[in-house]
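Okay, so the sequence shown: first residue is 1 according to the numbering used here, each after it adds one. We put the CB at the ideal spot given by N, CA and C, even for glycine. Below is one structure, written out as C-alpha cells; comments come after it.
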Amino acid sequence: MSKPLKRGYTTGVHASFAFFSALSSYQATGLKAVAITHKMDNDDLDVTKGAEIVVSISDRIEDLEINPLPHQPYIIGKLKLYAGHGVGVVTKEGLKPPKGYPAINPTPLEAIEAIYANLCQEWEHPIYGMIGITDGESIAKQTANAKVGVMGGLSILGTTGWVKPISADAYLDAIRAELGVAKANGYHQTILTLGNSSLLYAKGHYEEIQIVEIGNFVHDALGLVQALGFEEAIFVCGIGKATKVMQGHQNTHNRFGQIDFVALKRLIAKELGVEVDIESSKTVKGLTTQLKTMERLEPFYSMITTQTTQQLERWFPNLAIQTIILK
C-alpha cells in the first residue's frame, strides 16, 4: 500500500508564525526580537522546502537587514513592514502585491495584520519589522520570480495555508502570475510553450515577457489566457505533444492518456494517401522518418498543425490561436 503524501504549510503560514513570535517577544521586552522558522517538508515539487524564514521587530530601523532594493513598507498600525534579505520586491505591475512593495501575497499579509491587531491594539510608538528568507535570493533563481518582476528574493505566498502534495495548483498559479504580468504591461498576445526546445525557440522570436512555459497544462493555460482577456495565443510545441492535443488531450502528461496510433494511421491514410507501419515506429517522431522517405513529411506537419489549431479553437472559440510545431 502506497504511503500517503505529506502536505505542508506555505511560506505565508510560516512567516505568520514567526511574526507572532517576534512581535510577542518585542512587546514583552521592548528589545529587538528575532524569530526563525524552517519551512516544513512536504511531497510537492517545492524549492522552498526547509527554507529558513526570519522575522525581526525593533523600534530602530537600523537594526533590520532590509532588502537593499528601494521599496515601500506595508503600514500596519504603527508598524512599517519591509522585505528583508531574501524576500523579493515587486517591480512590475500585474502581481497580487503592488509594485514597489515587498512580495507578500494578500492572504499572509491579512494574517499578519490580524496578529498585529490582536497584540497591539493600544500601541503608541512606531516600530519596524522585516520578513526575510536566508539564501532567498539564490533560491529564487530556480523560480520565475525575476521574469515576473519579483527581484532580490522569494515571495511570501499562500491562499489556503496548505501546500498540496504533487498538485497542479502551484504550477497554474505561476502560469497565472506570468500571464498577469504580460497583460498588465500591455501585451495582448501570449506565447505558450511546452518543453525546453519550444522555450528556446520562443525566446529567439518573441519578447520574453510574453512567453509562458505551461508544462502539460494546455487546456488550463488557455483557459487562463482567455479569462485574463488576451486576444491571441501562439502555441509552440513538438510533434508528439501537438498530436496529443489534436486527438483531444487537454493535458499532455502520459498519465492522462496516450496517443491513439491506430487513429493516427487512419488519418494519415485518409489525408496523405500513404500507409505507415505503426508497429515498427512507436512514436510520432518515428513515423516522421517513414513519412520523410515517402515525401510526405511537410504535408504531415501541415496537417497536424492545422488540426491542432482546430482542436484548440473548438475549446476556445473566442480566442485567436496559432500553432507552431518544431521539427
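Cβ separation of residue i and residue j, assumed to be a contact under 8 angstroms, to the nearest whole Å
{"i": "I304", "j": "T243", "result": "6 angstroms"}
{"i": "H219", "j": "Q189", "result": "Wrong, their Cβ atoms sit about 19 angstroms apart, outside the cutoff."}
{"i": "F217", "j": "I175", "result": "7 angstroms"}
{"i": "V262", "j": "T252", "result": "In fact, because the Cβ distance is near 19 angstroms, the residues do not count as touching under 8 angstroms."}
{"i": "F300", "j": "I259", "result": "About 14 angstroms; that fails the 8 angstroms criterion."}
{"i": "G12", "j": "G158", "result": "3 angstroms"}
{"i": "I57", "j": "I115", "result": "Going by Cβ atoms, the distance from I57 to I115 rounds to 11 angstroms, so no, they are not a contact pair."}
{"i": "V89", "j": "N67", "result": "6 angstroms"}
Residues bridged to residue i (per DSSP)
{"i": "T306", "result": "According to DSSP, which records beta bridges pairwise, T306 is partnered with nothing at all."}
{"i": "C237", "result": "I325"}
{"i": "M130", "result": "S56 and Y82"}
{"i": "V212", "result": "L192"}
{"i": "E232", "result": "Q189 and A320"}
{"i": "M246", "result": "In the DSSP output, where bridge partners are listed per residue, M246 has none listed."}
{"i": "I66", "result": "G84"}
{"i": "P102", "result": "V89"}
{"i": "L154", "result": "V87"}
C-beta contact flag for residue i and residue j at 8 angstroms
{"i": "G149", "j": "T91", "result": "yes"}
{"i": "I214", "j": "L192", "result": "yes"}
{"i": "G257", "j": "I325", "result": "no"}
{"i": "G136", "j": "G86", "result": "yes"}
{"i": "I76", "j": "I112", "result": "yes"}
{"i": "K147", "j": "E178", "result": "yes"}
{"i": "R296", "j": "L272", "result": "yes"}
{"i": "T37", "j": "I53", "result": "yes"}
{"i": "Q142", "j": "A182", "result": "no"}
{"i": "I139", "j": "T48", "result": "yes"}
{"i": "S16", "j": "P108", "result": "yes"}
{"i": "T283", "j": "G240", "result": "yes"}
{"i": "I131", "j": "V212", "result": "no"}
{"i": "K270", "j": "I278", "result": "no"}
{"i": "L319", "j": "L194", "result": "no"}
First through last residue of the alpha helix (DSSP H) which encompasses residue i
{"i": "Q322", "result": "First-last for Q322: A320 to I325, but that is the beta strand (DSSP E), not the alpha helix (DSSP H)."}
{"i": "Y26", "result": "T11 to T29"}
{"i": "V148", "result": "N145 to V148"}
{"i": "A182", "result": "D169 to A184"}
{"i": "N251", "result": "That residue, N251, is in no alpha helix (DSSP H); it is neither H nor E in DSSP."}
{"i": "Q226", "result": "V218 to A227"}
{"i": "V284", "result": "V284 to T293"}
{"i": "G136", "result": "G136 to I139"}
{"i": "L272", "result": "F261 to L272"}
Endpoints, the beta strand (DSSP E) within which residue i is located
{"i": "T193", "result": "Q189 to T193"}
{"i": "Y74", "result": "Y74 to I76"}
{"i": "V34", "result": "A33 to H38"}
query: Just checking, does the region 99-116 make contact with the region 80-89 on the three C-beta pairs under 8 angstroms criterion?
result: yes
task: Determine, using beta-carbon pairs with one atom in the region 288-300 and one in the region 223-231, whether at least three such pairs fall under 8 angstroms.
output: no
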